[in-house]
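6 protein chains.
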Amino acid sequence: MNLLLINPNTTQRMTDALATAARAAAAPGTCITACQPSFGPASIEGFFDETIAAAGVAEQMRHAPAHDAVLIACFGDPGLDAAREATRAPVLGIAEAAFHAASFVSTGFSVVTTMTRTCVIAEHLLHKYGFERRCRGVHGTDIPVLALEHCDAQGQPLCLPQIEAAARAALAQDRSGAIVLGCAGMAGLCAALQVRLGVPVIDGVSAAVKLAEALVGLKLTTSAVGDYALPLPKPYAGWAQPLSW
Amino acid sequence: MNLLLINPNTTQRMTDALATAARAAAAPGTCITACQPSFGPASIEGFFDETIAAAGVAEQMRHAPAHDAVLIACFGDPGLDAAREATRAPVLGIAEAAFHAASFVSTGFSVVTTMTRTCVIAEHLLHKYGFERRCRGVHGTDIPVLALEHCDAQGQPLCLPQIEAAARAALAQDRSGAIVLGCAGMAGLCAALQVRLGVPVIDGVSAAVKLAEALVGLKLTTSAVGDYALPLPKPYAGWAQPLSW
Amino acid sequence: MNLLLINPNTTQRMTDALATAARAAAAPGTCITACQPSFGPASIEGFFDETIAAAGVAEQMRHAPAHDAVLIACFGDPGLDAAREATRAPVLGIAEAAFHAASFVSTGFSVVTTMTRTCVIAEHLLHKYGFERRCRGVHGTDIPVLALEHCDAQGQPLCLPQIEAAARAALAQDRSGAIVLGCAGMAGLCAALQVRLGVPVIDGVSAAVKLAEALVGLKLTTSAVGDYALPLPKPYAGWAQPLSW
Amino acid sequence: MNLLLINPNTTQRMTDALATAARAAAAPGTCITACQPSFGPASIEGFFDETIAAAGVAEQMRHAPAHDAVLIACFGDPGLDAAREATRAPVLGIAEAAFHAASFVSTGFSVVTTMTRTCVIAEHLLHKYGFERRCRGVHGTDIPVLALEHCDAQGQPLCLPQIEAAARAALAQDRSGAIVLGCAGMAGLCAALQVRLGVPVIDGVSAAVKLAEALVGLKLTTSAVGDYALPLPKPYAGWAQPLSW
Amino acid sequence: MNLLLINPNTTQRMTDALATAARAAAAPGTCITACQPSFGPASIEGFFDETIAAAGVAEQMRHAPAHDAVLIACFGDPGLDAAREATRAPVLGIAEAAFHAASFVSTGFSVVTTMTRTCVIAEHLLHKYGFERRCRGVHGTDIPVLALEHCDAQGQPLCLPQIEAAARAALAQDRSGAIVLGCAGMAGLCAALQVRLGVPVIDGVSAAVKLAEALVGLKLTTSAVGDYALPLPKPYAGWAQPLSW
Amino acid sequence: MNLLLINPNTTQRMTDALATAARAAAAPGTCITACQPSFGPASIEGFFDETIAAAGVAEQMRHAPAHDAVLIACFGDPGLDAAREATRAPVLGIAEAAFHAASFVSTGFSVVTTMTRTCVIAEHLLHKYGFERRCRGVHGTDIPVLALEHCDAQGQPLCLPQIEAAARAALAQDRSGAIVLGCAGMAGLCAALQVRLGVPVIDGVSAAVKLAEALVGLKLTTSAVGDYALPLPKPYAGWAQPLSW
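Protein sequences appear in the order of chains R, Y, B, Z, U and D. So that you can map any letter, position 157 of the first sequence is 157 in full-length UniProt numbering, and since no number is skipped, the others follow by simple counting. So that you can map any letter, position 208 of the second sequence is 208 in full-length UniProt numbering, and since no number is skipped, the others follow by simple counting. So that you can map any letter, position 161 of the third sequence is 161 in full-length UniProt numbering, and since no number is skipped, the others follow by simple counting. So that you can map any letter, position 141 of the fourth sequence is 141 in full-length UniProt numbering, and since no number is skipped, the others follow by simple counting. So that you can map any letter, position 3 of the fifth sequence is 3 in full-length UniProt numbering, and since no number is skipped, the others follow by simple counting. So that you can map any letter, position 242 of the sixth sequence is 242 in full-length UniProt numbering, and since no number is skipped, the others follow by simple counting.
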């Protein structure tokens with residue numbers, strides 16, 4: 001099974017890290033190809049970043065044909081609906097995947113994310129997807145996305161204690177039973193946090209890999225009828241010319 | 001990986017058929033054990049049937065310890081919350097599984113089920129789970145559950161044309177992109193309907209198998225904290241005595 | 001008028017106490033018969049307990065024919081929909097009755113209940129019934145159900161101060177105008193709390209008695225059409241054999 | 001027990017008819033006093049009529065002190081919140097009472113009312129009260145309120161066949177199990193319709209009487225704390241001067 | 001363009017102040033006429049006050065014919081639907097106008113109002129209009145409406161510091177980006193608060209003036225079809241006789 | 001006052017037409033500058049088109065500094081949240097503007113749009129903005145966006161009769177009081193339709209112009225605090241390099 005992982009930002013180091021995280025979750029026989037847009041922001045920390053990144057995801061959908069499923073590895077799920085029009089393979093966003101996974105193992109979960117200003121993006125998604133009652137709180141830590149990878153001399157992520165503290169506070173305040181990590185860049189912290197917190201901790205990258213494998217196993221394809229039909233053929237101008245159908 | 005499939009009704013033939021359907025969906029290495037309660041209705045076609053069947057699911061949770069995940073194979077997801085208290089393994093209902101799967105491949109889906117009187121059960125679940133906007137309609141056909149298996153001389157299910165017609169009407173009326181089959185007993189019709197209708201058709205039994213494999217692969221367990229903590233120890237009376245914690 | 005009160009748990013002392021509470025609320029001429037299942041948990045403090053208890057309520061519906069209405073005296077309303085299928089007499093759950101009563105006398109109410117882990121059960125009911133905006137908070141005290149009846153030397157319930165404190169905190173924090181007692185076992189505390197708090201305090205047992213009298217007085221019966229039609233006739237296996245229709 | 005029934009319109013004949021309907025529902029020992037505002041519309045068939053009528057209800061609350069509960073007998077529940085501020089006795093609107101009663105005996109009900117233009121008033125109430133999911137449809141018949149009382153030579157209401165037809169259509173189209181009559185003036189049709197339709201038919205006037213008796217029996221009062229506290233003392237100008245607190 | 005501003009209370013000083021605020025916001029060429037009911041409360045601080053005031057708004061709609069739009073200048077929007085039936089000119093409530101304006105410049109706003117007991121009125125409006133997710137909190141200060149105009153020796157409103165403090169607390173607690181002033185009497189504080197708080201502060205009176213100018217500019221009229229059709233002709237009794245259509 | 005109108009598609013003829021429509025609605029003294037992205041689809045008829053167009057809107061925000069407000073003239077409001085981060089001037093989408101305007105003049109409105117496959121985009125917006133109850137239906141006509149401008153020999157748009165018919169059907173079926181035109185390209189049909197249909201017909205382009213004038217008149221700016229704070233400075237790659245903050 002071939003999965004295309006699109007990192008919507010343009011930081012190669014993060015694309016590599018996401019590929020590593022995805023491969024760690026993948027079943028034997030699942031092959032992960034990772035890519036990133038040819039343009040756009042180095043990280044996604046607001047609506048403007050995300051809007052450009054969504055177009056980057058759409059651009060990278062040109063790689064979709066050779067794959068059995070596509071993963072969008074940014075917690076705002078940028079370009080998800082566009083990507084679903086562009087292929088019949090299943091497409092998953094990591095926020096969506098994490099929310100679904102969390103709702104199977106808890107009656108209510110909390111999200112711990114990076115910049116507080118992006119909480120609203122998660123809240124919009126929760127509401128759009130129907131998880132507004134399952135999610136009991138979205139909590140910002142104001143750690144910049146690219147600072148998530150900073151480590152101490154022992155290779156331990158510097159942000160771990162702060163994220164653990166935010167998660168503990170969220171569990172208590174929200175009466176939650178699980179934690180969703182609100183950023184693709186937190187994938188590497190998941191196992192450690194799960195041990196420390198004693199509740200399920202869901203990383204969207206791994207969740208998306210496994211759910212994609214499940215959908216492919218079910219031979220389900222994105223519906224070709226109606227709202228996700230292929231884009232209508234028409235001219236595209238400028239750099240986007242090759243994206244036209 | 002060992003999955004426990006609980007058929008909440010007491011019709012052995014249906015338990016066998018569900019096991020067959022589940023095994024067809026399972027990955028190599030996934031072993032399905034099927035069981036059914038020692039008591040309760042031959043089929044589930046209303047609230048009363050379902051309430052007894054939910055207790056039957058709770059009873060069968062005594063088999064859970066040896067398994068990596070548990071599937072509840074009736075479209076009303078009877079006993080789901082109880083089962084989640086009774087084990088740390090992930091537990092999935094087939095309605096829940098089908099709704100989640102359908103929401104990955106369409107902006108809106110329709111449910112086609114058996115008795116019209118059970119539509120309200122699906123509607124309650126959709127609302128409880130947060131899919132009330134994703135699902136655009138629940139449609140009864142008034143085919144009794146146990147009549148789903150009646151076949152003609154060629155082994156073709158007699159109900160197929162009626163269910164196909166109901167699905168076509170639902171797709172048009174609801175402007176939907178996918179069909180969810182609203183009864184465990186319809187598992188065998190899924191492939192044929194998908195070919196005929198040209199849209200994704202989701203059978204909850206297969207969906208639950210693949211999603212269970214995904215959750216186990218993610219090493220996620222039902223949250224031991226809070227709402228799904230193990231039942232409190234206390235005496236149980238009557239036939240239920242051995243169910244006490 | 002004959003009312004059947006079903007205590008869904010199997011603690012005879014609690015059945016007796018509920019009957020006493022119901023009789024205190026009943027009009028002259030209303031006769032209360034109390035019963036409890038032949039099986040199931042001694043108290044209901046989670047989903048598992050509740051699922052078995054719901055089947056117990058279904059079992060006890062064999063007594064319904066001789067009665068004008070049926071009350072289910074546990075705050076999770078276990079088996080309510082099943083019971084409504086099994087008789088044309090009106091059936092009321094005490095949570096439902098309390099929520100309705102509270103919404104007539106306040107713009108917003110708070111629930112004070114026993115174990116925090118059961119708050120989610122009340123929240124599911126509020127959402128199912130449509131009271132999710134009227135109820136401004138559900139608050140656990142972590143008093144075990146069967147400890148509610150412990151009294152000091154003067155016969156005063158030991159839990160009263162703790163419940164009063166939780167109710168005061170809820171009124172302030174939720175900006176509420178009324179308190180709903182979230183457990184059948186709290187019926188005996190209602191009058192004292194109402195005096196101490198100076199706001200309406202609603203006990204579901206009394207509320208269900210009076211609302212049942214009202215529905216019987218209105219000659220309303222549970223709808224025989226559609227979702228609450230009588231269960232379909234079919235074989236039931238095991239101990240449940242006599243429950244078959 | 002003394003109940004004050006306020007007819008919010010100024011048609012004496014209708015006040016009398018409402019009193020008769022209420023007395024027919026009342027328990028022995030319940031005494032109904034009926035009144036109507038000194039000003040306002042002869043019938044209520046839109047927002048403008050209703051706004052004046054609500055002030056009329058507020059005016060008539062001067063009679064409340066001598067009563068144990070107050071009923072507002074117009075299906076738009078005009079002045080309900082104001083009336084609740086003006087007394088500690090329970091106050092019920094007939095739409096509210098009917099919705100509550102219907103939700104005890106069906107999973108879903110339909111409303112059949114008079115002018116189509118007033119459907120939106122019922123829809124606003126359903127939404128405000130939380131019954132937007134329980135009610136599956138509001139249907140206008142465009143019968144003027146005051147034409148409801150027109151009878152043929154045998155004393156049969158002329159509108160009965162039209163309302164019966166609208167109710168049958170609603171039950172089928174909405175998959176409903178009960179009918180709520182959407183106008184106080186339909187009280188006299190309730191029994192006949194219930195026989196003809198074979199489902200519970202709820203008249204708000206009777207429902208309000210019985211629910212008021214229930215609340216009084218429960219010794220519940222409108223919460224004096226917060227949102228329904230007594231009006232603040234202040235000067236009122238013009239004809240409203242005597243309404244000042 | 002002629003705008004009719006109706007102050008729903010009967011305090012002439014407040015009518016004058018509202019006219020001044022409205023004129024300050026009006027475009028050149030927009031002429032504001034202010035009026036107040038001939039009856040009703042001196043200020044509106046609860047449901048009872050508001051119900052009488054709504055009838056006062058209906059009364060003042062007799063002045064509507066000569067105007068291009070009508071503004072209702074009390075934060076509870078009393079009589080709004082009635083006023084819309086009574087004219088084809090656009091009608092705006094100031095709460096409604098403020099909510100709309102705030103939702104254009106922030107993802108979430110908070111309301112700061114006068115008496116805590118009136119928070120529920122704003123909450124009902126938010127819910128009715130669909131802003132229940134955009135508004136993240138409604139906060140009372142318990143400043144009486146008529147005390148808003150009390151000034152110190154320098155002509156500075158005495159309430160400014162308290163309202164500023166409440167707004168700051170709301171912004172932090174609700175994670176909001178804008179403040180809506182929850183009382184017509186706060187119009188004069190808007191500019192000063194906006195400077196001090198550094199976020200958009202919306203006064204409903206100014207917002208209603210500008211939105212009314214916009215709607216008139218668009219040549220939009222209140223729909224004459226259906227729910228807002230002119231009131232049906234019928235007799236009105238008592239002081240309301242001249243209001244009949 | 002200077003307004004920047006961004007046509008999110010790349011059809012110059014449509015940009016010109018939108019500018020003309022906007023200028024027709026603008027007050028004297030309001031100057032409209034129209035632009036279109038340097039890249040992207042010729043028309044927007046699905047999620048993929050829209051995602052690229054949203055990035056085009058973000059690109060064109062470089063012109064925002066010289067303007068008092070910004071309008072996004074495509075009915076999917078592409079890039080709206082991104083644009084709001086990129087300037088302190090108010091930003092309006094035409095769908096949003098139309099929904100707000102319609103809700104001031106009717107209790108319920110219907111949307112008539114172009115391709116049926118784009119109905120879901122309007123439905124998502126309605127839900128995101130909180131108009132899901134105000135809007136009673138979204139109706140596709142399957143007229144391609146660029147075919148809207150095709151005229152007969154007399155210069156009459158060929159699509160007018162079909163859109164009129166769809167609007168009539170929508171008004172009847174949805175019991176609506178107003179029509180919202182679901183495509184920027186329909187601006188030119190608005191006046192004719194309003195005459196023919198006899199209900200308010202709202203064109204989002206004009207509505208956005210007038211609402212922008214209103215917000216500028218109110219001196220309201222997009223909140224600089226929190227969710228709409230300026231984008232964080234960071235490198236952007238590829239063609240998007242100049243968009244970096």
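Virtual Cβ for every residue (Gly too), placed ideally from N, Cα, C.
*Is the CB-CB distance between V209 (chain U) and L3 (chain U) below 8 Å?*
For the purposes of this step, residue 209 (chain U) is taken as the residue at position 209 of the fifth sequence. For the purposes of this step, residue 3 (chain U) is taken as the residue at position 3 of the fifth sequence. Yes.
*Residue(s) in a DSSP beta bridge with I202 (chain U)*: Your numbering for residue 202 (chain U) matches position 202 in the fifth sequence. Answer by DSSP bridge pairing, in chain order: U:V180.
*In chain B, which residues lie with their C-beta within 9 Å of the C-beta of V120 (chain U)?*
As a working note, residue 120 (chain U) is residue 120 in the fifth sequence. T107, G108, R175, listed in chain order.
*Among all the DSSP beta bridges, which residues are the ones paired with H139 (chain R)?*
The sequence position of residue 139 (chain R) within the first sequence is 139, counting from 1. Paired residue(s): R:V112.
*In chain Z, which residues lie less than 8 Å from residue 294 (chain B) when you measure between Cβ atoms?*
The displayed coordinates of chain B run from 1 to 245. Any statement about residue 294 (chain B) would go beyond what the structure contains.
*So, are the CB atoms of A101 (chain B) and L215 (chain Z) less than 8 Å apart?*
The residue you call residue 101 (chain B) lines up with position 101 of the third sequence. The residue you call residue 215 (chain Z) lines up with position 215 of the fourth sequence. Result yes, Cβ atoms of A101 (chain B) and L215 (chain Z) sit closer than 8 Å.
_Any C-beta of chain Y within less than 9 Å: which residues of the segment 72-105 of chain B qualify?_
P78, G79, L80, D81, A82, A83, R84, E85, A86
*In this structure, what does DSSP give as the bridge partners for G226 (chain B)?*
On the third sequence, position 226 is the one that residue 226 (chain B) refers to. In DSSP, G226 (chain B) forms no bridge with anything.
*Going by the CB atoms, is the gap between T10 (chain U) and G40 (chain U) shorter than 8 Å?*
In the fifth sequence, the residue the question calls residue 40 (chain U) occupies position 40. In the fifth sequence, the residue the question calls residue 10 (chain U) occupies position 10. Yes, they are a contact pair.
*List the residues of chain D that R13 (chain R) touches, going by C-beta distances under 7 Å, in chain order.*
If you number the first sequence from 1, residue 13 (chain R) lands on position 13. Against R13 (chain R), chain D offers no close residue; the least beta-carbon distance is about 13 Å (beta-carbon pairs closer than 7 Å).
*Would you mind stating whether I121 (chain D) and T141 (chain D) have Cβ atoms separated by less than 8 Å?*
The residue labelled residue 121 (chain D) in the question sits at position 121 within the sixth sequence. The residue labelled residue 141 (chain D) in the question sits at position 141 within the sixth sequence. Not in contact: I121 (chain D) and T141 (chain D) (Cβ atoms no closer than 8 Å).
*Are the beta-carbon atoms belonging to G188 (chain D) and P157 (chain D) less than 8 Å from one another?*
In the sixth sequence, the residue the question calls residue 188 (chain D) occupies position 188. In the sixth sequence, the residue the question calls residue 157 (chain D) occupies position 157. Against a cut-off of 8 Å, the Cβ pair of P157 (chain D) and G188 (chain D) comes out as a contact.
*asked:* On the DSSP letters alone, give me the boundaries of the beta strand (DSSP E) that T107 (chain Y) sits inside.
replied: As a working mapping, residue 107 (chain Y) is identified with position 107 in the second sequence. Careful: T107 (chain Y) lies outside any beta strand (DSSP E) and carries neither H nor E.
*Start and end residues, beta strand (DSSP E) containing A192 (chain Z)*: As a working note, residue 192 (chain Z) is residue 192 in the fourth sequence. A192 (chain Z) -> not in any beta strand (DSSP E); alpha helix (DSSP H) instead, spanning 190-197.
*Are there 16 or more other CB atoms within 10 angstroms of the CB of K219 (chain R), so buried, or fewer, so exposed?*
As a position in the first sequence, residue 219 (chain R) is number 219, starting the count at 1. It is exposed - the Cβ of K219 (chain R) has fewer than 16 other Cβ atoms within 10 Å.
*Enclosing beta strand (DSSP E) for I32 (chain U) [first to last residue]*: In the fifth sequence, counting from the first residue as 1, residue 32 (chain U) sits at position 32. Note, I32 (chain U): beta strand (DSSP E), 31-35.
*Around the C-beta of G155 (chain B), are 16 or more other C-beta atoms found within 10 angstroms, so that it is buried, or is it exposed?*
To locate residue 155 (chain B), count along the third sequence from 1; it is residue 155. By the 10 Å Cβ count, G155 (chain B) comes out exposed.
*is_contact[V111 (chain B), chain Z] using C-beta, thresh 8 Å*: The residue given as residue 111 (chain B) occupies position 111 in the third sequence. V111 (chain B) has a beta carbon lying at 8 Å or more from every beta carbon in chain Z.
*Continuous alpha helix (DSSP H) stretch holding V120 (chain B): start and end*: Locating residue 120 (chain B) in the third sequence gives position 120, where the first residue counts as 1. Membership of V120 (chain B) in the alpha helix (DSSP H) is indicated by the continuous run 119-129.
*Under 8 Å by Cβ, that's how I've got G76 (chain B) and L125 (chain B) pegged, so tell me the actual separation to the nearest angstrom.*
By 1-based counting over the third sequence, the position of residue 76 (chain B) is 76. By 1-based counting over the third sequence, the position of residue 125 (chain B) is 125. L125 (chain B) and G76 (chain B) do touch by the CB rule: their CB atoms are close to 7 Å apart, below 8 Å.
*Pull up the distance between the alpha-carbon of A86 (chain D) and that of T222 (chain Y), whole angstroms please.*
For the purposes of this step, residue 86 (chain D) is taken as the residue at position 86 of the sixth sequence. For the purposes of this step, residue 222 (chain Y) is taken as the residue at position 222 of the second sequence. The alpha-carbon atoms of A86 (chain D) and T222 (chain Y) are separated by roughly 43 Å.
*With respect to the alpha helix (DSSP H) encompassing V145 (chain U), which residues constitute its N-terminal and C-terminal limits?*
Stepping through the fifth sequence from its first residue, residue 145 (chain U) is reached at position 145. That residue, V145 (chain U), is in no alpha helix (DSSP H); it is neither H nor E in DSSP.
*Quick one: measure Cβ to Cβ for G177 (chain R) and T107 (chain R), integer angstroms, because I've assumed they're closer than 8 Å.*
For the purposes of this step, residue 177 (chain R) is taken as the residue at position 177 of the first sequence. For the purposes of this step, residue 107 (chain R) is taken as the residue at position 107 of the first sequence. Correct: roughly 6 Å between the Cβ atoms.
*Mind reading off the beta-carbon distance from G130 (chain B) to G130 (chain Z)? Whole number of angstroms is fine, and I expect it under 8 Å.*
As a working note, residue 130 (chain B) is residue 130 in the third sequence. As a working note, residue 130 (chain Z) is residue 130 in the fourth sequence. At roughly 4 Å, the Cβ-Cβ gap stays under 8 Å, so G130 (chain B) and G130 (chain Z) are in contact.
*Skipping 5 residues on each side, what residues in its chain have a beta carbon closer than 6 Å to that of A22 (chain R)?*
Position 22 of the first sequence, counted from the first residue, corresponds to residue 22 (chain R). Once the five neighbours on either side are set aside, the close Cβ partners of A22 (chain R) are L5, I32, V205, V209.
*asked:* At the 8 Å Cβ level, is F47 (chain Z) part of the contact set with chain U, yes or no?
replied: Mapped onto the fourth sequence, residue 47 (chain Z) falls at position 47. Answer yes: the Cβ-Cβ gap between F47 (chain Z) and chain U drops below 8 Å somewhere.
*asked:* Quick check: the Cα distance between P37 (chain R) and T30 (chain Y), rounded to an integer number of angstroms?
replied: Counting from one through the first sequence, the residue named residue 37 (chain R) turns up at place 37. Counting from one through the second sequence, the residue named residue 30 (chain Y) turns up at place 30. Cα to Cα, P37 (chain R) sits roughly 38 Å from T30 (chain Y).
*To which residues of the same chain is A207 (chain R) closer than 6 Å at the C-beta, ignoring the five residues directly before and after it?*
Locating residue 207 (chain R) in the first sequence gives position 207, counting from the first residue. Cβ within range, chain order: A97, A98, A101.
*State the Cα-Cα distance for the pair M14 (chain R) and C190 (chain R), rounded to the nearest angstrom.*
Along the first sequence, read from residue 1 onward, the residue named residue 14 (chain R) stands at position 14. Along the first sequence, read from residue 1 onward, the residue named residue 190 (chain R) stands at position 190. M14 (chain R) and C190 (chain R): Cα-Cα distance of roughly 16 Å.
*Beta-carbon contacts of A166 (chain D) that lie in its chain and below 8 Å, excluding the five residues immediately before and after*: One-based indexing of the sixth sequence puts residue 166 (chain D) at position 166. Within the same chain, A166 (chain D) has close Cβ partners V112, H139, T141.
_Bridge partners for A69 (chain U) per DSSP, in chain order?_
Your numbering for residue 69 (chain U) matches position 69 in the fifth sequence. Note: A69 (chain U) sits in a beta bridge opposite U:L3.
*Within its chain, find whatever has a CB closer than 6 Å to the CB of M61 (chain Z); leave out the 5 residues flanking it on each side and keep chain order.*
Against the fourth sequence, residue 61 (chain Z) aligns to sequence position 61. The answer, listed in chain order, is A83, A86.
*Return helix, strand or coil for L92 (chain Y), following the three-state DSSP convention.*
Locating residue 92 (chain Y) in the second sequence gives position 92, counting from the first residue. Here L92 (chain Y) sits in strand by DSSP.
*Just the C-alpha distance for T118 (chain Z) and E50 (chain U), rounded to the nearest angstrom, thanks.*
Counting from 1 along the fourth sequence, the entry for residue 118 (chain Z) is found at position 118. Counting from 1 along the fifth sequence, the entry for residue 50 (chain U) is found at position 50. So the two alpha carbons sit approximately 22 Å from each other.
_Pair within 8 Å by beta-carbon distance, D174 (chain D) and S110 (chain D)_ = Within the sixth sequence, residue 174 (chain D) is the residue found at index 174, counting from 1. Within the sixth sequence, residue 110 (chain D) is the residue found at index 110, counting from 1. Result yes, Cβ atoms of D174 (chain D) and S110 (chain D) sit closer than 8 Å.
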